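Listed in order, the protein sequences are those of chains B and V.
To convert, note that position 127 of the first sequence is 1514 in the numbering used here; the numbers rise steadily by one, no gaps.
To convert, note that position 13 of the second sequence is 28 in the numbering used here; the numbers rise steadily by one, no gaps.
Glycine included, every Cβ here is placed at the ideal spot set by N, Cα and C.
All values derive from a computational prediction rather than experimental measurement.
The next block holds one structure in the form of structure tokens; read it before the comments.
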Amino acid sequence: MSVAPDYAQPIEGWRAWRVVTGRCGARLASIHYDGEWVPGEPLVARCQQRRRSLRHPFVGLPLDHGAPQVDCRCGVYAAATRTDAVSYATTLSLRACAVYAIGAVDLWGAVIEHSRGWRAAQAYPKRLYLESVGVAPERLRRIALELADYGVPVSVVDGPAAEPRCSRAAGVARSRLHG
Amino acid sequence: MEIGKPERVVIIEPIEDPVPKREPAPAPEREPAQAPERIVR
């Protein structure tokens, strides 16, 4: 028996990414994990936590559940405010001349609501703001052009931007816990 | 990223695809075919 969804509109959150350069130009990448966000494709969360195993004591075995799970830490993370996303990016030890992006993301699928953000099954950028430490403006503009492959607005930030707060999806929700 | 404690789980199924559609690359312009050169002997 199928279950009706709670919302029909994605939730909008805020994220930070590293900006990496490859054969196809500038791309968004997770700050902590390997792998890039592919333009035109949603990011689908996969649990990368591992459990202890006597047979594989050093590597461990992958946890066998879909992401996100309430009692795990997996999922695509997003904060409720741009400030939290910026704080996350700037408190990391990003080396000088690093380029990173702050942006709004659409979240959908199974989404776990936290007190200051969300963990989602799928996500895609909605708009991007490029920020950097010690990077020439010309290089930033070139990166912004390459990030246009994602099909979303890209802006280069010169100073602190306004603080919009992302809203949760409208409508009446039926809350339930994962089994 | 610190996002606080989990509160509830919701299921979202967007009516419209959140991923922007990418326009297909324009087809390259093709030069009109030219008649082969005839060699008259």
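- Check the Cα spacing between Thr1408(B) and each of Val1544(B), Leu1532(B) and Arg1402(B): the tightest is with Leu1532(B).
- Your pair Ile1398(B) and Pro1455(B) does not check out as a contact, with CB atoms roughly 13 angstroms apart and the cut at 8 angstroms.
- Beta-bridge analysis with DSSP links His1501(B) to Gly1504(B) and Pro21(V).
- Assignment of beta-bridge partners to Tyr1511(B) by DSSP yields Asp1493(B).
- In the displayed model, Arg1410(B) falls within coil according to three-state DSSP, outside both helix and strand.
- Between the stretch 1500–1511 of chain B and the stretch 1458–1473 of chain B, the count of C-beta pairs closer than 8 angstroms reaches three or more; the two stretches touch.
- If you look at Ala1531(B), you'll find it in the alpha helix (DSSP H) that goes Pro1524 to Leu1534.
- Taking 8 angstroms as the cut-off, the Cβ atoms of Pro1512(B) and Leu1415(B) count as close.
- In this structure, Val1406(B) places its C-beta atom within 8 angstroms of the C-beta atom of Ala1488(B).
- Judged by DSSP in its simplified three-state form, Tyr1516(B) adopts strand.
- In the structure shown, the three-state DSSP call for Arg1433(B) is coil.
- Taking the CA atoms as reference points, Gln1509(B) sits about 10 angstroms from Arg1433(B).
- For the pair Asp1421(B) and Tyr1516(B), the Cα-to-Cα distance works out to about 21 angstroms.
- Secondary structure at Tyr1537(B): helix, using DSSP grouped into helix, strand and coil.
- Of all residues in the stretch 1463–1477 of chain B, only Tyr1464, Ala1465, Ala1466, Ala1467, Asp1471, Ala1472 and Tyr1475 place a beta-carbon less than 8 angstroms from a beta-carbon of chain V.
- Beta-carbon to beta-carbon, Ala1491(B) and Glu28(V) are separated by about 20 angstroms, too far to satisfy the 8 angstroms threshold.
- About 6 angstroms separates the beta carbon of Ala1497(B) from that of Ile26(V), a gap short enough to meet the 8 angstroms contact definition.
- Excluding its 5 nearest sequence neighbours in each direction, Gln1436(B) has C-beta neighbours in its own chain below 7 angstroms: Leu1450, Cys1459, Arg1460 and Cys1461, listed in chain order.
- Under the three-state reduction of DSSP output, Ser1417(B) falls in the coil class, being neither helix nor strand.
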